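Visitor: Chains as they are written, first to last, in the working numbering: chain A, 1 to 136; chain B, 137 to 272; chain C, 273 to 408; chain D, 409 to 544; chain E, 545 to 680; chain F, 681 to 816. Okay, here's the structure, questions in a sec.
6 protein chains.
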Amino acid sequence: MSLTIYRKAHFNAAHRLYREEWSDDRNLEVFGKCSNPNFHGHNYELEVGLTGTIDPETGYLIDLKLLKDIIREEVEEPFDHKNLNVEVPEFANLNPTVENIAIVIYNKLRQRLDPGFKLTVKLYETPRNFVVYTGD
Amino acid sequence: MSLTIYRKAHFNAAHRLYREEWSDDRNLEVFGKCSNPNFHGHNYELEVGLTGTIDPETGYLIDLKLLKDIIREEVEEPFDHKNLNVEVPEFANLNPTVENIAIVIYNKLRQRLDPGFKLTVKLYETPRNFVVYTGD
Amino acid sequence: MSLTIYRKAHFNAAHRLYREEWSDDRNLEVFGKCSNPNFHGHNYELEVGLTGTIDPETGYLIDLKLLKDIIREEVEEPFDHKNLNVEVPEFANLNPTVENIAIVIYNKLRQRLDPGFKLTVKLYETPRNFVVYTGD
Amino acid sequence: MSLTIYRKAHFNAAHRLYREEWSDDRNLEVFGKCSNPNFHGHNYELEVGLTGTIDPETGYLIDLKLLKDIIREEVEEPFDHKNLNVEVPEFANLNPTVENIAIVIYNKLRQRLDPGFKLTVKLYETPRNFVVYTGD
Amino acid sequence: MSLTIYRKAHFNAAHRLYREEWSDDRNLEVFGKCSNPNFHGHNYELEVGLTGTIDPETGYLIDLKLLKDIIREEVEEPFDHKNLNVEVPEFANLNPTVENIAIVIYNKLRQRLDPGFKLTVKLYETPRNFVVYTGD
Amino acid sequence: MSLTIYRKAHFNAAHRLYREEWSDDRNLEVFGKCSNPNFHGHNYELEVGLTGTIDPETGYLIDLKLLKDIIREEVEEPFDHKNLNVEVPEFANLNPTVENIAIVIYNKLRQRLDPGFKLTVKLYETPRNFVVYTGD
């Protein structure tokens with residue numbers, strides 16, 4: 001029996017969207033007010049889903065406490081109250097769009113989880129804009 | 137890398153459910169109070185999802201401003217504060233159930249978007265009733 | 273010990289904003305697209321609050337089942353899936369703005385409740401626009 | 409045209425997580441405070457999805473009133489305000505984890521629905537933890 | 545300058561409503577299915593508000609970390625994953641209605657907070673039923 | 681008849697909490713990770729309430745379009761996608777705590793509104809932390 005279990009988490013961070021090799025004008029043209037050199041920020045809301053089979057002994061797909069700890073170590077501690085461009089190494093050369101942040105989170109969680117689980121990352125940048133990434 | 141990005145929108149509209157060729161009794165039997173000839177209405181909440189690959193240069197799947205403009209032109213402007221049965225041509229001969237409204241929205245957005253994107257339309261008629269249509 | 277208890281309810285209805293004695297142009301100028309003669313509609317979400325003292329024997333301010341029944345009889349049954357302008361007598365000569373709907377609901381509930389309770393009516397016309405009326 | 413329609417429902421229940429054949433210490437080690445022998449409880453929020461084709465005559469995938477009645481009979485009446493371990497026969501020998509509750513709900517609804525519909529059960533144990541089960 | 549700051553918290557618990565000195569029939573008559581002797585449960589969502597003046601040096605009304613710790617010690621730790629009737633001493637002789645739970649929380653927090661703050665406790669028993677208590 | 685009408689709005693911004701004349705250590709001690717010199721950010725959600733009497737001719741307390749425009753000019757345009765500390769003059773010498781941001785918003789809106797209206801500002805810094813300011 002295959003099933004997906006989800007756990008929510010959240011972090012608050014500053015970022016800006018830009019490419020270093022582009023002029024300010026070109027960054028503004030492509031990324032609009034998101035390219036503000038002084039940064040802006042968001043409350044990111046995260047839903048992590050794991051698909052797998054249930055352990056018939058416990059009735060658990062995974063102990064959610066374990067998943068919660070992995071999310072805290074891989075996402076909340078390194079990202080929360082940070083400037084993504086300046087302080088998070090994964091974005092040193094990667095534009096921190098909501099798309100790229102979701103992929104970075106996926107890759108960080110993926111290496112900590114049993115390969116038997118399928119992983120889904122849903123990331124809200126605002127209550128109105130969000131992405132889903134499943135590694136496919 | 138394939139990913140889905142979502143954008144929310146909303147519109148308020150009046151409608152009634154009925155088939156013109158049926159008697160009032162038969163409409164009432166099938167559609168209940170939703171067949172009220174004087175209309176009732178809803179706040180429709182819409183989530184539009186686009187699945188595709190990320191542009192490695194920008195880190196964007198699509199510029200959400202562009203998607204927002206397409207949703208405004210194809211859905212919000214023609215549907216908001218309208219009577220769907222009376223004023224929206226797509227429902228002149230089509231019962232405006234939440235299922236059919238989602239399909240009409242899908243078809244209108246589909247023709248404005250790059251065929252390379254897979255499109256998902258989620259439409260809430262109330263916070264308790266909603267549909268998802270993916271064109272499959 | 274004084275405390276306020278709240279109960280939620282909801283109804284879906286069509287309406288239009290206009291004054292019969294005004295020209296169409298003047299109605300459009302004042303009420304914009306809300307004056308559409310073909311009607312539009314909303315999912316109204318209602319929160320009814322009662323302030324009073326707790327019955328020390330039961331620990332209840334009021335039996336919520338009783339409050340739920342009163343809301344159903346006074347608001348949900350007469351308003352749900354109705355055209356407020358056409359079918360609800362209270363709006364025969366009263367513009368069904370969210371302000372006036374809240375006051376009508378307040379007055380209908382007020383006469384069914386013990387005068388010892390203070391009554392609060394919170395009414396959402398959309399998730400973004402709402403009013404609070406307390407009879408003061 | 410294939411589409412999925414969703415309907416929400418809810419029930420409040422007590423439960424505990426444990427295996428009868430395990431010692432109290434082992435139950436505490438595996439299930440933590442969820443194994444409290446005096447029970448704890450949740451507001452379970454349920455989203456039932458049906459995937460199928462739309463009836464071209466009505467524009468309905470299914471009459472939601474029918475789905476609502478089935479959910480009330482199979483889930484709300486037997487589960488609401490109950491102790492899942494003590495009073496719900498399906499959990500007499502099955503640990504009522506959110507995973508197992510979702511599967512039980514799926515199986516109960518599945519036998520009441522046309523086999524032509526694909527069924528999806530999403531169950532929130534808290535606003536932060538939830539599962540999706542599709543019978544695959 | 546007086547202002548109110550709010551912090552949310554939550555706990556999951558089992559309870560039943562009844563008076564020990566009443567017969568089962570009388571308890572059922574007054575409290576309905578909430579009097580189930582096997583208990584049921586809820587996800588309680590709590591909003592604690594403090595009204596006071598802002599410290600001009602910090603711009604804080606209170607350090608929210610301090611408020612969070614007090615809520616954890618006074619409410620979350622003693623109530624979460626507990627049976628309120630059986631395990632929480634305050635309800636040994638007090639019916640754990642949502643009204644009474646809010647008052648107990650208010651009294652526990654009140655004694656830990658500077659008397660200069662006005663305290664507001666909002667407690668959701670379900671997303672549809674909630675109370676506000678301000679000690680007046 | 682006095683009533684309060686509310687309108688929601690939102691903006692995304694970066695900020696840090698600190699006092700320039702304090703050492704980094706003291707700022708860290710008082711403001712914790714919120715004092716990060718590289719900034720972090722939030723999606724601020726705003727609810728503006730106006731209390732007054734209803735115009736009997738229109739049934740409006742205020743034309744919400746007018747209120748929406750004032751909020752856009754006074755709050756959304758100057759604050760959205762900005763660094764509050766660096767780019768918003770009101771915070772040049774004022775710590776941008778959620779308390780102070782609410783007061784600044786109140787003062788900006790207050791001077792644009794008819795003195796006959798009582799004004800309420802509710803500002804969410806995160807879904808879990810928020811303030812209410814009423815000018816009292």
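Cβ coordinates follow ideal geometry from the N, Cα and C atoms, glycine included. Computed from a prediction, not measured in an experiment: that's the story for all the values here.
D:F525 by DSSP, collapsed to three states: which one?
Guide: Residue state, collapsed to three classes: coil.
Visitor: Which residues of chain A have a Cβ atom closer than 8 Å to the Cβ of D:R536, listed in chain order?
Guide: Ordered by position in chain A, the residues that pass the 8 Å Cβ test against D:R536 are R7 and K8.
Visitor: Should E:E631 and E:A553 be called a contact, given that it needs their Cβ atoms to be closer than 7 Å?
Guide: No. Outside cutoff.
Visitor: Taking Cβ positions only, does C:Y332 come closer than 7 Å to chain E?
Guide: So yes, C:Y332 belongs to the interface.
Visitor: Let me check understanding here. Comparing Cα to Cα, which of C:H287, C:E293 and C:T325 lies closest to C:G388?
Guide: Ranking C:H287, C:E293 and C:T325 by Cα distance to C:G388 puts C:T325 first.
Visitor: In the segment 716 to 799 of chain F, which residue ranges form an unbroken alpha helix (DSSP H) of at least 4 residues, counting only runs that do not cross its ends?
Guide: Correct list: 744 to 751, 764 to 767 and 778 to 790.
Visitor: Who are the Cβ neighbours of C:F303 in its own chain at under 7 Å, not counting the five residues just before and after it?
Guide: Correct list, in chain order: L289 and Y290.
Visitor: Using a beta-carbon distance below 7 Å, is E:D658 in contact with chain C?
Guide: By this cut-off, E:D658 is not an interface position.
Visitor: Residues of chain A with CB closer than 9 Å to the CB of F:N716, please, in chain order.
Guide: Those within 9 Å of F:N716 in chain A are A14, H81, K82, N83 and E87.
Visitor: So what does DSSP say about D:R434, is it helix, strand or coil?
Guide: Three-state DSSP puts D:R434 in a helix.
Visitor: Can you confirm whether C:K340, when its beta carbon is compared against all beta carbons of chain B, has any partner nearer than 7 Å?
Guide: False, the Cβ-Cβ gap to chain B never drops below 7 Å.
Visitor: Kindly indicate the opening and closing residues of the beta strand (DSSP E) around D:L411.
Guide: Here the beta strand (DSSP E) through D:L411 covers S410 to H423.
Visitor: Which chain D residues sit within Cβ distance under 8 Å of B:V240?
Guide: Residues of chain D passing the Cβ test: none, with the nearest at roughly 11 Å.
Visitor: I'd like the list of long-range same chain contacts for C:S274, defined as Cβ closer than 8 Å, with 5 residues on each side in sequence excluded.
Guide: Excluding positions up to five away in sequence, the list reads T323, G324 and T325.
Visitor: List the residues of chain A whose Cβ lies closer than 9 Å to the Cβ of B:L230, in chain order.
Guide: Within 9 Å Cβ-Cβ: nothing; B:L230 doesn't reach chain A, min ~29 Å.
Visitor: Exposed or buried, which one is C:K394 when buried takes at least 16 other CB atoms within 10 Å?
Guide: It is buried - the Cβ of C:K394 has at least 16 other Cβ atoms within 10 Å.
Visitor: Should E:R551 go down as buried or exposed, given a rule of 16 or more other Cβ atoms within 10 Å for buried?
Guide: Buried.
Visitor: Using a C-beta to C-beta distance shorter than 7 Å, which residues of chain E count as neighbours of D:F439?
Guide: Those within 7 Å of D:F439 in chain E number zero; the least Cβ separation is about 10 Å.
Visitor: Could you confirm whether any beta carbon from chain C is found closer than 7 Å to the beta carbon of E:T548?
Guide: No, because no Cβ of chain C sits closer than 7 Å to the Cβ of E:T548.
Visitor: For D:N451, would you say it is in contact with chain E, using Cβ-to-Cβ distances shorter than 7 Å as the test?
Guide: Taking Cβ atoms only, chain E reaches closer than 7 Å to D:N451, which makes this a yes.
Visitor: Taking the continuous beta strand (DSSP E) assigned at B:Y269, which residues delimit it?
Guide: That run of the beta strand (DSSP E) goes N265 to Y269.
Visitor: Taking DSSP's pairing of strands, which residues face E:Y562 in a bridge?
Guide: Beta-bridge pairing links E:Y562 to no other residue.
Visitor: I want to verify the contact list: residues of chain B whose CB lies under 8 Å from the CB of D:K473, in sequence order.
Guide: The answer, in chain order, is G168.
Visitor: Leaving out five residues before and five after D:Y541 in sequence, what residues of the same chain have Cβ atoms less than 6 Å from its Cβ?
Guide: Around D:Y541: A510, I511, Y514 and V529.
Visitor: Do we get a CB-CB distance below 7 Å when we pair B:T187 with the residues of chain D?
Guide: Taking Cβ atoms only, chain D never reaches closer than 7 Å to B:T187, which makes this a no.
Visitor: Going by DSSP, what residues sit across from E:K577 in a beta bridge?
Guide: E:K577 pairs with nothing; no bridge assigned.
Visitor: I'd like to know whether the C-beta atoms of A:A92 and F:H720 end up nearer to each other than 7 Å.
Guide: It is not a contact, given that the beta carbons lie outside the stated cut-off.
Visitor: Alpha carbon to alpha carbon, how far is A:N38 from A:D80?
Guide: Cα to Cα, the separation comes out at about 18 Å.
Visitor: Between E:E618 and E:R656, how many whole angstroms is the CB-CB distance? I'm expecting something under 8 Å.
Guide: Indeed they touch by this definition, with Cβ atoms about 6 Å apart.
Visitor: From A:I5 to A:R72, what does the alpha carbon distance come to, in whole angstroms?
Guide: Those two C-alpha atoms are separated by around 17 Å.
Visitor: Using a C-beta to C-beta distance shorter than 9 Å, which residues of chain A count as neighbours of B:I190?
Guide: Within chain A, the residues near B:I190 are T97, E99, N100 and I103.
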